[in-house]
Each structure stands twice: as C-alpha cells, then as structure tokens.
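The structure appears below as structure tokens.
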Amino acid sequence: MASKVVAQRLAVKYNPPTIALIYTRSDDPTKQQLIREMQLVDINPKSNLPQLCEHLFKAHAQFLPRDQISPDQIMKLLIRIKDNLFKKEEEDIYADVDGELNNSDLDFEAHAEDEEDDADFF
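In this note's numbering, the protein residues as written are 10 to 131.
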C-alpha cells in the first residue's frame, strides 16, 4: 500500500508568499512531521483567488488531499496572504492629497505589521 499524506496543519509565510502544509506519512511509525511549501510567485492585487486555489489543488494533489483539506481552508489562507501583501497599496488609495494617510473616517481595525519571516499557523 502506498504511503498517504496525513495533514496536520497549514501555515502561511508572507515573504515570500507561501502556503505550507505540515504533514506526516501514514506508513511512518515515528510520525515525523514534514513540510511541503507551495510558493505563490505570481500573486498580485488582481489575482483570481478561486482560480489560484484550484491550481494549487491540481499542482499539489498529492499534498492537498481534498478529503482532509477543503478549498475553503486554502481560500482563507490566500485571502490572508493577499491582504497582507497588498495592504500598503490599499492604504495608499485612502491617502489625502498631501500624501498623508487619513484614517479618521475609515472604519477598519488596525493590525500590527507582520515581520518578514513570520508564519501564521492554523
């Protein structure tokens, strides 16, 4: 019987934009955790995230078993990465004519900047 991927958790890294799967192999008695990184080299503000999600499932089918990982989980991570990467560009849209950001009229929650090499685990 072929070894099967057993998903443990997913993670994101923002620089470079990456989704990582932490997994074990079904035939490994030690249950050693392994990592499969899937870099998102072409992600941009206009990326079609549902299409990118489907591409990830096709390109990494062995590591993204649909019976363990749903497209919704991957979509949430893609949205998180896209929002983090392009947050500055979106803030620039709201800059006033002097180039200063005017947050007084905006209704959104401020978030701390993530460090370049930080990863979020889920």
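Cβ coordinates follow ideal geometry from the N, Cα and C atoms, glycine included. A quick note: this is a predicted structure, and the numbers were derived from the prediction, not measured.
Count the other C-beta atoms from every protein chain shown that fall within 10 angstroms of the C-beta of residue i, then say buried if there are 16 or more, exposed otherwise.
i, result
"Lys91", "buried"
"Lys40", "exposed"
"Pro25", "exposed"
"Val50", "exposed"
"Ile44", "exposed"
"Lys22", "buried"
Quick one: Cα of residue i to Cα of residue j, how far?
i, j, result
"Gln17", "Pro74", "12 Å"
"Pro54", "Tyr32", "30 Å"
"Arg34", "Asn57", "32 Å"
"Arg144", "Ala20", "Residue 144 is absent from the structure shown; the chain starts at 10 and stops at 131."
"His69", "Phe95", "25 Å"
"Leu65", "Ser12", "21 Å"
"Gln82", "Glu46", "16 Å"
"Lys67", "Pro80", "12 Å"
"Gln48", "Thr27", "4 Å"
"Pro59", "Phe72", "18 Å"
Looking only at DSSP bridge pairs, what is residue i linked to?
i, result
"Asp16", "A quick correction: the sequence has Ala, not Asp, at residue 16. BP columns for Ala16 point to Tyr32."
Contact check, residue i vs residue j under 8 Å by CB: the rounded distance?
i, j, result
"Leu87", "Cys62", "6 Å"
Restricting to runs no shorter than 4 residues, where is the alpha helix (DSSP H) found entirely within the segment 20-94?
58-68, 80-94
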